Amino acid sequence: MFNSRGSLEVRTLIRPTAARDERVWNTVLHAPTLRAITQRQLVAAFAKAAGVPTPNVVAVPGWFVRVLGRVQPLMRELTELLYQTEHPFIMDSTASEQRLGLAPTPLPEAAAATVNWWRDRSVAGRR
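Residue numbers (this note's numbering): 7 to 133.
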């Protein structure tokens, strides 16, 4: 996921041959995605990868974000994104995976790679 220079190393999403494959031209292709999980499940996966206890995660109701948005500019901006948290936000990448022969990185592997990258980066920054 991340290379030794600390740059994001995106695994091949669209292989060069796919760009030449006219069957995928003018189609919608999504990056491979795992099954939908909750924010709590995501936090738990990263905590496990980091070897730390899973923190408590609570939901902030949309009405509260809207009220805070009246006085706090950042919260005002968040109100525009509430649709992503108030309703299921599920994407199906099955067609892309089949057309391009790709699969998503398993969450434990992705979480471990991300945690390791952050650890390497934080150690390097202290030198």
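The beta-carbon is built from N, C-alpha and C at its ideal position, and this holds for glycine as well.
Because the structure is a prediction, the values reported are computed rather than measured.
For residue i versus residue j, is the C-beta spacing smaller than 8 Å?
i	j	result
residue 35	residue 125	no
residue 61	residue 49	yes
Is any heavy atom in the ligand GTP found nearer than 7 Å to the beta carbon of residue i?
i	result
residue 32	As for the ligand GTP, it is missing from this structure, which has no ligand bound.
Within its chain, find whatever has a CB closer than 6 Å to the CB of residue i; leave out the 5 residues flanking it on each side and keep chain order.
i	result
residue 110	38, 39 and 40
residue 3	No answer is possible for residue 3: it lies beyond the span of the chain, which begins at 7 and ends at 133.
residue 19	Unreliable positioning characterises residue 19 in this predicted model, as indicated by a pLDDT of 47, which lies under 50. The coordinate reading is nonetheless provided below. Result list for residue 19: 37, in chain order.
Cα separation between residue i and residue j?
i	j	result
residue 73	residue 65	15 Å
residue 84	residue 32	33 Å
residue 120	residue 25	29 Å
residue 59	residue 70	28 Å
residue 94	residue 86	16 Å
Could you pull out every residue in the same chain whose Cβ sits closer than 7 Å to the Cβ of residue i, ignoring the five residues on either side in sequence?
i	result
residue 68	88 and 92
residue 82	75
residue 97	36 and 39
Taking the alpha-carbon of residue i as reference, which of the options has the nearest alpha-carbon?
i	options	result
residue 53	129, 116, 128 and 127	116
residue 63	118, 71, 45 and 57	45
residue 27	90, 57, 107 and 42	107
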